[in-house]
Ligand code: GLA
């Protein structure tokens, strides 16, 4: 594909030839063409949250026999009933696709990321692919909401078992699960919640992994502990039920304060860097609230996690979850995740890199194929995001600052969007009915999408060239590349770096495509391709001109991560954050987007919300807030031996499939169990110790 697109890029550039009249004619905006129809989607069975789970005491509790024999009978652990909260979270059997499960077996994941360490709330990545999702539990939960009827849509209780609003709607009191414990037996309580909030979210020197900032919960919002199991939020807005979504993965998942707090600069002599890095991957058995605890790590090879003996969720028969004893994370590549899942040497993949679709489909079609492959809606989308800060975010030099000024100019953004041939870009990834033209903004796959409110500027190289001419960007030195006007960045060639993630072929392929298409309009786009963690650091700190990115849940679920749809605070948005003086230099249309998002967050009225999102889409796409590239469906690949995988589970909607399928409820029927456990009959040991106890 690279060679192919380069060839297009080599075509002669039309500098200065087009009149303004033709320009107006050629960029006539329209609505996007309807996406190609794509079947093969299974629908979920829609239910209420109370059909899935409740909190209640059961008469008796059970655990794997070997836990009783090796740990309880020897006095190493208290009996299971004493390890569980008085009222554990109970999953109802009627809602389990295959019924109550049995213990045993492993889910063998493969990932392309690498763990930086275990300090998730301090900002360290565990390597993605659902490791952090399996280790963390959050106040609320949203992944499984794809099965909840629209009228009843609200986040599921999780660490917060229940909540109530004050009469005036400004206070939200939440009741935490009582008597639940971290995987080392330490009680979970409001101290953990307050440490997360005060010393991580509110502390501007800490950036929790998934980008929680104070604004994620509203300007002026406060949180206090009433007692060990009660917390109270106070909001400036009235009844902003929307923030319940922010209390789910990944923005309100507290860490073990008894382990983390002593390393935090407020309570130690550590620097912030030392705090962030205090728990490297080699530090094993970090206490978690999630179902599995890391017990083994081998660099570039594997992370092994074992069942959490204090996990606080059970099935209706009183069986402590999870059913699966072990989780593997092979440290390989994301493309290998697809290959291994299809071949049966791995168990799970979110098929999301369109380049592998044809081969994966072909191999899974066989009756003897080890894995099932199920496509969902078009929820994977890519955009070219331009750095919109004109006041110093990321400390741009003269050239980069000149690019920022262009990025902030609507005619420039329009010229770039029409220079992109989206049809060709999509087909360069995969042929067939998968990819669809994506002008930017909300995805066609969300209920909030309205085609009539979507402004699409069709592809036209001629018009793009004319618009760039109109901006005074002409090729003054005859080298085929436009120059900045004299007096701007020394009149040098217009060079723009494109940040992309090398962990995914799709990211770099799309970025290569954009780079080649820019050549056709006389702009020298330069690859700045970085491995995932380095890319994320550069993006977070504003060190980019343009970035090609796979976007977050806000563009597909809208209600999850909503505040990410606009720069509502100084550091919550992906491509526009505050400059060196702490202020945001919003353009007028950005301010309108901020107002819309704030209005959306503070109303529960569905009709009003739908209308607000139409306005959002209109303003976003009219102003080319980001340059949409392509959107397409993903497929869940899962080994056929697993039971309790819900029908129609999307790989990405409110969250990734690793959360959506409720892994703690997934099991392997006895007859199908494999011999995959690397640490059979062991449990996590003491924090920091290298290896599971047996
Ligand atoms: C990565 C993968 C996704 C998903 C997430 C989970 O981003 O690309 O498919 O597994 O991790 O966080």
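Residue numbers (this note's numbering): 101 to 794. The beta-carbon is built from N, C-alpha and C at its ideal position, and this holds for glycine as well.
May I ask you to report which of helix, strand or coil DSSP gives residue 128?
The residue labelled residue 128 in the question sits at position 28 within the chain shown. Reduced to three states, the DSSP call for residue 128 is coil.
Rounded to the nearest angstrom, how far is the Cβ of residue 427 from that of residue 196, given a contact under 8 Å?
One-based indexing of the chain shown puts residue 427 at position 327. One-based indexing of the chain shown puts residue 196 at position 96. Actually they do not touch by this definition, with Cβ atoms about 20 Å apart.
Determine the direct distance from the alpha carbon of residue 667 to that of residue 698, and round the result to whole angstroms.
Position 598 of the chain shown holds residue 698. Position 567 of the chain shown holds residue 667. Approximately 10 Å between the Cα atoms of the pair.
Report back the beta-carbon spacing between residue 214 and residue 431 to the nearest angstrom; my notes put them in contact at under 8 Å.
Taking the chain shown and counting its residues from 1, one reaches residue 214 at position 114. Taking the chain shown and counting its residues from 1, one reaches residue 431 at position 331. Yes, they are in contact, since the Cβ atoms of residue 214 and residue 431 sit about 6 Å apart, within 8 Å.
So, is residue 637 buried or exposed, given that buried needs 16 or more other C-beta atoms within 10 angstroms?
Here residue 637 refers to the residue found at position 537 when the chain shown is read from its first residue. Exposed: under 16 other Cβ atoms inside 10 Å.
Taking residue 610 as the reference, give the member of 521, 593, 566 and 223 with the closest Cα.
For the purposes of this step, residue 610 is taken as residue 510 along the chain shown, with counting starting at 1. Of the candidates 521, 593, 566 and 223, the one whose C-alpha sits nearest the C-alpha of residue 610 is 521.
Distance check for residue 188 and residue 157, CA to CA, integer angstroms please.
For the purposes of this step, residue 157 is identified with residue 57 of the chain shown, where counting begins at 1. For the purposes of this step, residue 188 is identified with residue 88 of the chain shown, where counting begins at 1. One C-alpha to the other measures close to 7 Å.
Using a Cβ-based criterion (distance less than 7 Å to any ligand heavy atom), does residue 237 qualify as near the ligand GLA?
Here residue 237 refers to the residue found at position 137 of the chain shown. Result no, Cβ not under 7 Å from the ligand GLA.
Starting from the C-beta of residue 486, find all residues in its chain whose C-beta is less than 6 Å away, skip the five residues before and the five after it, and write them out in chain order.
Indexing the chain shown from 1 puts residue 486 at position 386. Cβ within range, chain order: 507 and 646.
Return yes when the C-beta of residue 88 is under 7 Å from any heavy atom of the ligand GLA, and no when it is not.
Any question about residue 88 goes unanswered here, given that the chain covers just 101 to 794.
Say the cut is 7 Å; is the CB of residue 774 nearer than that to a heavy atom of the ligand GLA?
Position 674 of the chain shown, counted from the start, is the residue given in the question as residue 774. Outside the cutoff, so no.
Assign residue 761 to one of three DSSP states: helix, strand, or coil.
Numbered from its first residue, the chain shown carries residue 761 at position 661. Coil.
From the DSSP secondary-structure annotation, give me the bridge partner or partners of residue 732.
As a working mapping, residue 732 is identified with position 632 in the chain shown. Per DSSP, 480.
Applying the criterion that 16 or more other CB atoms from any shown protein chain within 10 Å of the CB defines a buried residue, is residue 705 buried or exposed?
Here residue 705 corresponds to residue number 605 of the chain shown, with the count starting at 1. By the neighbour-count rule (16 or more Cβ atoms within 10 Å), residue 705 is not buried but exposed.
Could you check which residue in 660, 268, 395 and 315 has the C-alpha nearest to that of residue 786?
Position 686 of the chain shown, counted from the first residue, corresponds to residue 786. Checked all of 660, 268, 395 and 315; the closest Cα to residue 786 is 395.
Starting from residue 324 and walking both ways along the alpha helix (DSSP H), at which residues does that stretch end?
By one-based count along the chain shown, residue 324 stands at place 224. First-last for residue 324: 322 to 327, but that is the beta strand (DSSP E), not the alpha helix (DSSP H).
Using a threshold of 8 Å, state whether the C-beta atoms of residue 406 and residue 393 are closer than that.
Stepping through the chain shown from its first residue, residue 406 is reached at position 306. Stepping through the chain shown from its first residue, residue 393 is reached at position 293. Yes.
Exposed or buried, residue 305, counting other C-beta atoms within 10 Å across all chains shown (16 or more means buried)?
If you number the chain shown from 1, residue 305 lands on position 205. It counts as exposed.
Assuming residue 541 and residue 535 form a contact by the criterion Cβ under 8 Å, report the distance between their Cβ atoms to the nearest whole angstrom.
Position 441 of the chain shown holds residue 541. Position 435 of the chain shown holds residue 535. Residue 541 to residue 535, Cβ: 17 Å. No contact.
Considering Cα atoms alone, identify which of 318, 791, 173 and 281 is closest to residue 358.
On the chain shown, position 258 is the one that residue 358 refers to. The option with the nearest alpha carbon to residue 358 is 281.
Mind checking whether residue 146 and residue 240 have CB atoms under 8 Å apart?
Start at 1 with the first residue of the chain shown, and residue 146 comes out as number 46. Start at 1 with the first residue of the chain shown, and residue 240 comes out as number 140. It is not a contact, given that the beta carbons lie outside the stated cut-off.
Any chance you could list the beta strand (DSSP E) runs of at least 3 consecutive residues sitting entirely within the stretch 442 to 491, in chain order?
448 to 451, 471 to 475 and 480 to 486, all fully within the stretch 442 to 491.
Tell me, which residues are paired with residue 331 by DSSP?
Here residue 331 refers to the residue found at position 231 of the chain shown. Answer by DSSP bridge pairing, in chain order: 274 and 325.
So the candidates are 733, 200, 680 and 360; which of them puts its Cα closest to the Cα of residue 477?
Your numbering for residue 477 matches position 377 in the chain shown. The candidate whose alpha carbon is nearest that of residue 477 is 733.
Look at the Cβ atom of residue 321, then the Cβ atom of residue 671, and state whether they are nearer than 8 Å.
In the chain shown, counting from the first residue as 1, residue 321 sits at position 221. In the chain shown, counting from the first residue as 1, residue 671 sits at position 571. Taking 8 Å as the Cβ cut-off, residue 321 and residue 671 do not qualify as a contacting pair.
Quick one: residues in its chain with C-beta nearer than 7 Å to the C-beta of residue 543, no 5 flanking neighbours on either side, listed in chain order?
One-based indexing of the chain shown puts residue 543 at position 443. The residues are 478, 479, 481, 549, 655, 656 and 731.
Using a Cβ-Cβ cutoff of less than 7 Å, which residues in the same chain neighbour residue 160 once the five nearest sequence positions on both sides are dropped?
Your numbering for residue 160 matches position 60 in the chain shown. Answer for residue 160: 418, listed in chain order.
What I want to know is whether the C-beta of residue 228 ends up closer than 7 Å to one or more non-hydrogen atoms of the ligand GLA.
The sequence position of residue 228 within the chain shown is 128, counting from 1. The answer is yes for residue 228.
Are the beta-carbon atoms belonging to residue 154 and residue 180 less than 8 Å from one another?
As a position in the chain shown, residue 154 is number 54, starting the count at 1. As a position in the chain shown, residue 180 is number 80, starting the count at 1. Taking 8 Å as the Cβ cut-off, residue 154 and residue 180 do not qualify as a contacting pair.
Determine which residues share a DSSP beta bridge with residue 597 and list them.
The residue labelled residue 597 in the question sits at position 497 within the chain shown. Per DSSP, 626.
CB-CB under 7 Å to residue 496, same chain, minus the five flanking residues each way: which ones, in chain order?
Position 396 of the chain shown holds residue 496. Taken in chain order, the residues that qualify are 504.
Please say whether residue 331 and residue 276 have beta carbons closer to each other than 8 Å?
Counting from one through the chain shown, the residue named residue 276 turns up at place 176. Counting from one through the chain shown, the residue named residue 331 turns up at place 231. The answer is yes: Cβ separation under 8 Å.
Let's test the definition: count the other Cβ atoms within 10 Å of the Cβ of residue 462 and tell me whether it reaches 16, buried, or not, exposed.
Numbered from 1 along the chain shown, position 362 holds the residue referred to as residue 462. Residue 462 is exposed by the Cβ-count criterion.
Compute the minimum distance between the beta carbon of residue 216 and the heavy atoms of the ligand GLA, and state whether it is under 7 Å.
For this step, residue 216 is matched to residue 116 along the chain shown. Flag unset: Cβ of residue 216 not near the ligand GLA.
Step through the CB atoms of chain D and report whether any lies within less than 8 Å of the CB of residue 623.
Any reference to chain D falls outside this structure, which holds one protein chain only.
Within the same chain, show all residues whose beta-carbon is closer than 7 Å to that of residue 297, passing over the 5 residues directly before and after it, in chain order.
As a first step, residue 297 is located in the chain shown; it is residue number 197 there, counting from the start. Excluding sequence neighbours, residue 297 sits near 323.
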